[in-house]
Amino acid sequence: MALELKQSMRLTQQLVMTPQLQQAIKLLLLSRLELAEVINQEMVENPVLEEQAELAQEGEAPEPRHSDDEGGVTPKKDEDSYDELNWEKFLDEYIPLDGGYAARGEPEEGPGLENTLSKTPSLAEHLLWQLRLSNFTLDEERMGGLIIGNLDEDGYLKGELAHLAQEAEVSLEEAERVLKRVQSFDPIGVAARSLKECLLLQLEHWAPGDQVARTMVQEHLKELERRDYKAIARALRIPLSEVLNAVRVIQELEPKPGRPFEEEKVLYIQPDVYVHKVGDEYVILLNEDGLPKLRISPYYRSLLRGEGKAAGAANAYIQEKLRSAMWLIRSIHQRQRTIYRVMQSIVTHQREFFEKGVGYLKPMVLRDVAEDIGMHESTISRVTTSKYAHTPLGIFSLKYFFNSKINRVEGGSVAAETVKDKIRQILAQEPTDRPCSDQEIVRRLREYNIDIARRTVTKYREMMGILASGRRRRS
Numbered sequence: 235m236a237l238e239l240k241q242s243m244r245l246t247q248q249l250v251m252t253p254q255l256q257q258a259i260k261l262l263l264l265s266r267l268e269l270a271e272v273i274n275q276e277m278v279e280n281p282v283l284e285e286q287a288e289l290a291q292e293g294e295a296p297e298p299r300h301s302d303d304e305g306g307v308t309p310k311k312d313e314d315s316y317d318e319l320n321w322e323k324f325l326d327e328y329i330p331l332d333g334g335y336a337a338r339g340e341p342e343e344g345p346g347l348e349n350t351l352s353k354t355p356s357l358a359e360h361l362l363w364q365l366r367l368s369n370f371t372l373d374e375e376r377m378g379g380l381i382i383g384n385l386d387e388d389g390y391l392k393g394e395l396a397h398l399a400q401e402a403e404v405s406l407e408e409a410e411r412v413l414k415r416v417q418s419f420d421p422i423g424v425a426a427r428s429l430k431e432c433l434l435l436q437l438e439h440w441a442p443g444d445q446v447a448r449t450m451v452q453e454h455l456k457e458l459e460r461r462d463y464k465a466i467a468r469a470l471r472i473p474l475s476e477v478l479n480a481v482r483v484i485q486e487l488e489p490k491p492g493r494p495f496e497e498e499k500v501l502y503i504q505p506d507v508y509v510h511k512v513g514d515e516y517v518i519l520l521n522e523d524g525l526p527k528l529r530i531s532p533y534y535r536s537l538l539r540g541e542g543k544a545a546g547a548a549n550a551y552i553q554e555k556l557r558s559a560m561w562l563i564r565s566i567h568q569r570q571r572t573i574y575r576v577m578q579s580i581v582t583h584q585r586e587f588f589e590k591g592v593g594y595l596k597p598m599v600l601r602d603v604a605e606d607i608g609m610h611e612s613t614i615s616r617v618t619t620s621k622y623a624h625t626p627l628g629i630f631s632l633k634y635f636f637n638s639k640i641n642r643v644e645g646g647s648v649a650a651e652t653v654k655d656k657i658r659q660i661l662a663q664e665p666t667d668r669p670c671s672d673q674e675i676v677r678r679l680r681e682y683n684i685d686i687a688r689r690t691v692t693k694y695r696e697m698m699g700i701l702a703s704g705r706r707r708r709s
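When you line the sequence shown up against this note's numbering, it's residues 235 to 709, in that order.
Right under this line is the structure:
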């Protein structure tokens, strides 16, 4: 069989993601804060880009802080200079102390000690501080450090003690002794391996003589979770009053010892778009506060026009950066226009929601908006990701307005968020001693002309973080 080389031509079609298209898609996915970071980074890397400063009013010139006369910098009259500083008074405030200096009194206008702490210690830092103060050997301290390092944010030990002992090169018995000592640290119950062990450690410390509470935690934790106190009383053969007294003691315990050391994470939401009601109409405004307004630098523009001297390599570099800058500006403008059109379509579809509230939210999918504004569903999905709208009813994620439909008993449909809101209303009115089961919720929803399965109620209840009926019971 002979081998030969041939040339042939074929005409094919393929989708190519150009760098410009990739950039436009990337900008669509970004939130407002992420977009500001990208713009600032581009301004650092691309010399052609610059921020368009707002024009100052005529006659308003910024007053310089310092004047530079005869080559020297002279402070203003209201500023302190080094020559005018009262050095005798300054030195009199301090006295020598052990080779250093300490203040005689409180410094003038100085912050207090409580205002100098930058943050509260974490759980690990608090435990390591106690570990260093304890009388441990080097091996025990290494083992204790491994135990503390393997605690989760709630204060529970997640690693296997045998593996940690092997890593610390100590015996399992010695590791158990170190664990017991770490479990005696503050907060009580830390380094426990289960909820039962955590509660028992706290009972041993706070209520060592309460045998009923200890037995209930050891043998009847499931009944405690279901609040089935009568079953516990029958199993222990004690009066119900004694069980309730022990329950009050157990309720004072902390199931998550690490909770006081959790750093409070405050998430600030800056809306991408504002919806205001003006008369009978809704006006949409894009939030562009904090976003730099970009423009092409006039200096580099003049270089390309031949008004300056630029070598061939420099000219090619400027042209490349100019194209990149123009694409970035166009992509940002396209992103803003797309967000505006999507929000405009949402307001049109969900006008009753903005007028009357959550109970009037209509079922809507991405395809409805895509067909309305003539874009693909994937584009709508990118635009609505991590975007928020400030409305007269509050701040909502753009994804919030897209809901699957739930059929009504007498025909028609209702949005899933409306059903969730109705479930919240039903559970807010339930008696504390006889909470509604999921099947009871289904029956009550039918009274509101909502046809829904029990498993769907269970799914929505869990999504809203609501416990089952047995765990919501209050005696």
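Yeah, the Cβ is synthetic: ideal placement off N, Cα and C, and Gly gets one too. Here the structure is a predicted model, which is why all the values come from computation and not from measurement.
For this session: Reducing DSSP to helix, strand and coil, say where residue 507 ends up.
Result: strand
Problem set entry | Contact set for residue 511: own chain, Cβ-Cβ below 6 angstroms, skip 5 residues either direction | Here the set comprises 626.
Problem set entry | Bridge-paired residues (DSSP) for residue 625 | 628
Exercise. Which partner residues of residue 516 appear in the DSSP bridge assignment?
Worked result: 511
Exercise. Based on Cα-Cα distance, which residue from 671, 396, 669 and 660 lies nearest to residue 682?
Worked result: 660
For this session: Would you please state the rounded distance, in angstroms, between the beta carbons of residue 595 and residue 649? I believe it to be under 8 angstroms.
Result: 4 angstroms
Exercise. DSSP three-state call for residue 653: helix, strand or coil?
Worked result: helix
Problem set entry | Distance between beta carbons of residue 433 and residue 487, contact taken as under 8 angstroms | 5 angstroms
Problem set entry | Three-state secondary structure (DSSP) of residue 647 | strand
Exercise. Between which two residues does the alpha helix (DSSP H) harbouring residue 457 extend?
Worked result: 455 to 460
For this session: Would you decide whether residue 402 is buried or exposed? Buried here means 16 or more other CB atoms lie within 10 Å of its CB.
Result: Classification of residue 402: buried, given that the 10 Å Cβ count is 16 or more.
Problem set entry | Nearest-angstrom Cα separation, counted from residue 637 out to residue 412 | 53 angstroms
Exercise. Between residue 276 and the rest of its own chain, which residues show a CB-CB distance below 7 angstroms, the 5 nearest in sequence each way excluded?
Worked result: 283 and 562
Problem set entry | Beta-carbon proximity list for residue 529, same chain, < 7 angstroms, skipping 5 on both sides | 284 and 286
Problem set entry | Beta-carbon separation (whole angstroms), residue 423 vs residue 355, contact threshold 8 angstroms | With a Cβ gap of about 18 angstroms, residue 423 and residue 355 do not count as contacting.
Exercise. Alpha carbon to alpha carbon, how far is residue 482 from residue 258?
Worked result: 59 angstroms
Exercise. So, is residue 341 buried or exposed, given that buried needs 16 or more other C-beta atoms within 10 angstroms?
Worked result: Only weak support exists for where residue 341 lies, its pLDDT of 49 falling under 50; the coordinates are left without a value.
Exercise. When the distance is taken between beta carbons, is residue 572 closer than 7 angstroms to residue 617?
Worked result: yes
Exercise. What is the DSSP secondary structure of residue 683, counted as helix, strand or coil?
Worked result: Note: residue 683 maps to coil in three-state DSSP.
Exercise. In three-state DSSP terms, what is residue 639?
Worked result: Looking at residue 639 - three-state DSSP - the assignment turns out to be strand.
For this session: Pull up the distance between the alpha-carbon of residue 513 and that of residue 555, whole angstroms please.
Result: 47 angstroms
For this session: For residue 530, name the three-state secondary structure that DSSP assigns.
Result: strand
Exercise. Secondary structure at residue 577, three-state DSSP: helix, strand or coil?
Worked result: helix
For this session: Take every Cβ of the segment 366 to 378, pair it with every Cβ of the segment 388 to 406, and state whether three or more of those distances are shorter than 8 angstroms.
Result: Touching, yes.
Exercise. Using 8 angstroms as the Cβ pair cut-off and three pairs as the minimum, do the segment 457 to 471 and the segment 435 to 442 touch?
Worked result: no
Problem set entry | Inter-residue Cα distance where the pair is residue 335 and residue 388 | Note that residue 335 scores 43 on pLDDT, short of 50, meaning its location in the model is unreliable and no value can be drawn from it.
Problem set entry | As assigned by DSSP and simplified to three states, the class of residue 284 | strand
For this session: Figure out for me which residue from 534, 567, 708 and 517 has the closest Cα to the Cα of residue 527.
Result: From the listed residues 534, 567, 708 and 517, the smallest Cα separation to residue 527 is found for 567.
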